[in-house]
Amino acid sequence: MTSTDTRPRPGGGHREHAAEPLSTAERDRLERAFTVPRARFLLGVPVALAILYWSAVGAQFDVAKLGEGAANMAEFLARMFPPSWDKLDVIVDQLVETLQMAIVGTALGAVLSLFMAFGAASNIAPRWVYYPCRWTMNVIRSLPDLVFALMFVSAVGLGPFAGILAMTIGSVGSIGKVFAEAMEAVDTGPVTAMQSVGASKRQIVQYGILPQAGPLLVSYTLLLFEGNVRGATILGMVGAGGIGLELTTAMKMYDYGHLSAIVICIIVLVTVIDQISAVIRRKIT
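Terminal number for the sequence shown in our numbering: 1263, no gaps in between.
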């Protein structure tokens, strides 16, 4: 199939230019919608299934037991209705505190993660900086946020400040790695061009890497914020502030109506944040 260029000539008329036809091999490659799996792929499928079966047995995954417990689950959900709104003011206060914790924790975590990402990006940092930064993030990522929350609760006492510190440190391990990978995935063309004209490392990062990685960094930060809102709910269960403490108290007191109201409010808050984040993502992409 050929195409013609009918752009006007400077002196009038049109100029026709036939594009080069595709070769048979190239045409076949473009039109091929499905390829036959390779031998190593066919070998990998039974290996993956064997690993999945081994994991399910070791983890005592039992579909039959889930079916037997469905009645208990239905009974638990039935107790949660109708929700009780007698303590709505308390729920709102705790949700506002949870949101405040997530905002501060995300801001601090994103800034620290960005600095850590500069050291963990192979196209920016030297090897003697790259590996320690990567190892540090691996250590942080291997520990759950609840461990950090318990540590900071023992250090600064009960309250949201301990939760903010836990979210900040936890963010470095998770989002710092993603930031670094976003910087490593930028187009090397502008970077190479800047290096060829003698640009400094700071100029390369500022004008060659950050502008390309910027939309992804913002998107990942919004994702971190959404995760921190949900994470703050869990951290409250160990006394690190937020709605989690009220949620735990309602469960221990078997106050199912209050528990249902808390869960509904959390769902509404997370949904609103998710919609706002989606709008921001569409604006920056």
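Where a beta carbon is used, it is the ideal one built from N, C-alpha and C, also for glycine. Just so it is clear, the structure is predicted and the values come from calculations on it, not from any experiment.
Item: Could you tell me whether the Cβ of Phe1203 comes closer than 9 Å to any Cβ of chain D?; Value: Looking for chain D here will not work: only one protein chain is present.
Item: Between the segment 1086 to 1103 and the segment 1135 to 1149, can you find at least three pairs of beta-carbon atoms closer than 8 Å?; Value: yes
Item: Assign Val1164 to one of three DSSP states: helix, strand, or coil.; Value: coil
Item: Tell me the residue span of the alpha helix (DSSP H) that contains Leu1247.; Value: 1234 to 1262
Item: Measure how close the beta-carbons of Gln1072 and Ile1221 come, nearest whole angstrom, since I'm counting them as under 8 Å.; Value: 4 Å
Item: On a Cα-Cα basis, can you pick out the residue from Gly1192, Phe1157, Pro1024 that is closest to Cys1111?; Value: Phe1157
Item: Please classify Ile1262 as buried or exposed, where buried requires at least 16 other C-beta atoms within 10 Å of its C-beta.; Value: exposed
Item: Considering Ser1197, what are the terminal residues of the alpha helix (DSSP H) in which it resides?; Value: 1188 to 1213
Item: Quick check on Thr980: buried or exposed, where buried means 16 or more other Cβ atoms within 10 Å of its Cβ?; Value: Residue confidence is low: Thr980 scores 45 on pLDDT, short of 50, so the model does not pin down where it sits. Its coordinate-derived value is still stated next. Burial call: exposed.
Item: Answer yes or no: do Gly1219 and Glu1075 have a C-beta to C-beta separation smaller than 9 Å?; Value: yes
Item: Would you mind working out which of Gln1173, Lys1155, Phe1126 sits nearest Tyr1108, comparing C-alpha positions?; Value: Lys1155
Item: Please classify Glu1224: is it buried, with 16 or more other beta-carbons within 10 angstroms of its beta-carbon, or exposed?; Value: buried
Item: Along the chain, where does the alpha helix (DSSP H) containing Pro1060 start, and where does it finish?; Value: That residue, Pro1060, is in no alpha helix (DSSP H); it is neither H nor E in DSSP.
Item: Going straight from the alpha carbon of Ala1163 to that of Val1183, what length do you get?; Value: 13 Å
Item: Let me make sure I understand the geometry here. Which of Phe1139, Gly1135, Glu1204, Leu1124 has the alpha-carbon closest to that of Ile1212?; Value: Leu1124
Item: Could you check the C-alpha separation between Met966 and Leu1021 for me, to the nearest Å?; Value: Since the first residue shown for the chain is 979 and the last is 1263, residue 966 is missing from the structure and cannot be characterised.
Item: Check for me: the alpha helix (DSSP H) holding Ala1228 runs from which residue to which?; Value: 1222 to 1230
Item: What is the residue span of the alpha helix (DSSP H) that Leu1092 lies within?; Value: 1066 to 1098
Item: Starting from Val1107, trace the alpha helix (DSSP H) both ways and give me its first and last residue.; Value: 1105 to 1120
Item: Using 10 angstroms around the beta-carbon of Val1250, count the other beta-carbons present and answer buried if the total reaches 16, otherwise exposed.; Value: exposed
Item: Tell whether a beta-carbon distance below 9 Å holds between Ile1187 and Ala1099.; Value: yes
Item: Rounded to the nearest angstrom, what separates Leu1200 and Phe1096 at their Cα positions?; Value: 19 Å
Item: Only counting the same chain, and skipping five residues up and downstream in sequence, which positions put a Cβ closer than 6 Å to that of Arg1057?; Value: Tyr1234
Item: For Ser1091, which residues of its own chain have a beta-carbon under 7 Å away from its beta-carbon, when the five flanking residues on both sides are left out?; Value: Ser1149, Val1150, Ile1153, Gly1154, Phe1157
Item: Mark Asn1050 as exposed unless 16 or more other C-beta atoms lie within 10 angstroms of its C-beta, in which case mark it buried.; Value: exposed
Item: Buried or exposed for Val1131, please, with buried defined as at least 16 other CB atoms from any protein chain shown within 10 angstroms of its CB.; Value: buried
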